[in-house]
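Trainee: Could you have a look at this structure, given as structure tokens, before my questions?
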Amino acid sequence: MSQMTTGVTDLDEGYVLTALDRCDSCGAQAYIRVTMASGELLFCAHHGAQFKDKLSATALHWHDESSRLLAEAAR
Ligand SMILES: [Zn+2]
485 MSQMTTGVTD LDEGYVLTAL DRCDSCGAQA YIRVTMASGE LLFCAHHGAQ FKDKLSATAL
545 HWHDESSRLL AEAAR
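Residue numbers (our numbering): 485 to 559.
Below, the structure written as structure tokens:
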């Protein structure tokens, strides 16, 4: 009953970026997937942060797994 409903982002819960997903800017492993009206963009944590200000206004969805970097670094 008290669960947060986030609309379209619910469909995204199971999506995990893999090592095959590469940043569109530098080719590093992507941790951020941006859904735009024109298609999808992939960014590493660095470029995701860099483009977030520009793109977040027009992005339909911002999928950010950069927190996994911290978890993987701790292994
Ligand atoms: Zn990058």
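Heads up, the beta-carbon is just placed ideally off N, CA and C, and yes, glycines get one too.
Does DSSP put G511 in a helix, a strand or coil?
Mentor: Of the three classes helix, strand and coil, the one that applies to G511 here is coil, per DSSP.
Trainee: Measure the C-alpha to C-alpha separation of R552 and H531 and round it to an integer number of angstroms.
Mentor: Cα-Cα distance, rounded: 16 Å.
Trainee: Could you check whether the Cβ of S509 sits closer than 7 Å to any heavy atom belonging to ligand 1?
Mentor: For ligand 1, at least one heavy atom lies less than 7 Å from the Cβ of S509.
Trainee: Between the alpha carbons of S602 and S522, how many angstroms are there, rounded?
Mentor: It is not possible to answer for residue 602, since the shown part of the chain is limited to 485 through 559.
Trainee: Could you compute how far the alpha carbon of D508 sits from the alpha carbon of T502?
Mentor: Spanning the two alpha carbons is a distance of roughly 14 Å.
Trainee: For H547, which option in E556, A514, K538 has the closest C-alpha, if you only look at C-alpha atoms?
Mentor: Closest by alpha carbon: A514.
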